[in-house]
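Working notes for the structure below.
There are 2 protein chains.
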Amino acid sequence: MSNASPLLPVLEPEAVAPCCPPLNERPLTADEAERAARMFKALGDPVRLRLFSLVASHEGGEACVCDISDVGVSQPTVSHHLKKLKEAGLLTSERRGTWVYYRVEPSVVAAMGQALISG
Amino acid sequence: MSNASPLLPVLEPEAVAPCCPPLNERPLTADEAERAARMFKALGDPVRLRLFSLVASHEGGEACVCDISDVGVSQPTVSHHLKKLKEAGLLTSERRGTWVYYRVEPSVVAAMGQALISG
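Protein chains in written order, with numbering that gives the first Met the number 0: chain A, 0 to 118; chain B, 0 to 118.
Right, here's the structure in full:
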């Protein structure tokens with residue numbers, strides 16, 4: 000008998016197909032649209048988009064809430080938005096000591112871009 | 000005296016800078032984020048994203064409401080979403096006879112993609 004558990008989480012399906020086909024290739028199916036719209040929506044808020052660009056352009060390619068002070072919203076709001084970006088697959092996070100560090104998930108973001116450009 | 004009116008609308012500033020700088024170049028300013036977020040938000044709805052891909056992939060690169068029948072929403076809802084995409088700068092429209100035809104504004108869409116890919 001194998002010890003492998005069928006309950007192990009599937010390894011990041013996003014890594015295989017991070018976004019969607021080129022948007023001008025054919026009409027998206029309802030499922031594809033549902034998934035891709037979630038990613039675009041994550042960038043569809045001005046504060047969240049600023050935070051995303053802040054993380055993406057930060058030294059070392061990562062940032063924590065402690066690095067973010069000038070977007071005009073409270074630290075809990077910053078944390079909330081970063082969590083949303085993570086849930087959408089655009090950021091990953093890692094706790095180190097007191098702080099959670101966020102970095103861009105390049106494959107997902109590039110796939111979104113590609114869908115628009117090939118589109 | 001010149002006849003040139005200072006009240007003439009500025010010619011499509013979007014044509015010059017359709018979206019935003021690469022998102023990993025530097026943190027977006029509040030104004031840049033406000034503007035770019037509007038574009039991403041337009042694609043952040045599943046029905047709207049399907050309609051966008053439908054127009055983008057339609058024969059001849061354009062579609063009217065009359066071409067759209069299988070996204071599961073009423074014709075007025077389709078029209079409403081297409082209008083939103085147009086307001087965000089992602090589609091242009093032209094009335095021909097009974098119908099308004101929509102087509103993708105490639106410079107704007109490509110600039111969004113580029114911001115993600117350079118980012």
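Here a beta-carbon is modelled for each residue, glycine too, at the ideal position from N, C-alpha and C.
Contact check, residue i vs residue j, beta carbons under 7 Å
| i | j | result |
| --- | --- | --- |
| B/Glu31 | A/Ser56 | no |
| B/Leu115 | A/Met38 | no |
| A/Glu61 | A/Arg34 | no |
| B/Glu107 | B/Leu89 | Looking at the sequence shown, residue 107 of chain B is not Glu but Val. Yes; because the gap between Cβ atoms is below 7 Å, this pair is in contact. |
| A/Gly71 | B/Lys40 | no |
| A/Leu22 | A/Phe51 | no |
| B/Arg120 | B/His80 | This structure cannot settle anything about residue 120 of chain B, because the visible part of chain B is limited to 0 through 118. |
| A/Pro20 | B/Leu53 | no |
| A/Ala36 | B/Pro45 | yes |
| B/Tyr100 | B/Cys63 | yes |
7 Å Cβ cutoff, residue i in contact with chain B
| i | result |
| --- | --- |
| A/Pro17 | no |
| A/Val108 | yes |
| A/Pro105 | no |
| A/Met111 | yes |
Test: residue i CB closer than 7 Å to a CB of chain A
| i | result |
| --- | --- |
| B/Asp44 | yes |
Within-7 Å CB hit, residue i to chain E
| i | result |
| --- | --- |
| B/Ala36 | Checking the listed chains, one finds no chain E in this structure; the protein chains it contains are A and B. |
Residues of its chain near residue i, where Cβ-Cβ distance is below 7 Å and the 5 sequence neighbours each way are ignored
| i | result |
| --- | --- |
| A/Glu104 | Gly88, Leu89, Leu90, Thr91 |
| B/Ala109 | none |
| A/Cys18 | Ala35, Met38, Val107, Ala110, Met111, Ala114 |
Cβ neighbours of residue i in the same chain (closer than 6 Å, five flanking residues each side left out)
| i | result |
| --- | --- |
| B/Gln113 | none |
| A/Trp98 | Cys63, Cys65 |
| A/Gln74 | Val64 |
| A/Ser117 | Pro21 |
| B/Asp69 | none |
Any non-hydrogen atom of the ligand FMN within 6 Å of residue i CB
| i | result |
| --- | --- |
| B/Asn23 | By its list of ligands, the structure shown contains no ligand whatsoever, and the ligand FMN lies outside what it can speak to. |
For this session: Give, in chain order, every residue of the region 84 to 103 of chain B whose Cβ lies closer than 8 Å to some Cβ of chain A.
Result: Val103
For this session: Check distances from the C-beta atoms of the region 53 to 81 of chain B to those of chain A and list, in chain order, the residues that come in under 7 Å.
Result: Leu53, Ala55, Ser56
For this session: Note down, one range per segment and in chain order, each beta strand (DSSP E) of at least 3 residues found wholly within the region 50 to 116 of chain A.
Result: 61 to 63, 90 to 95, 98 to 103
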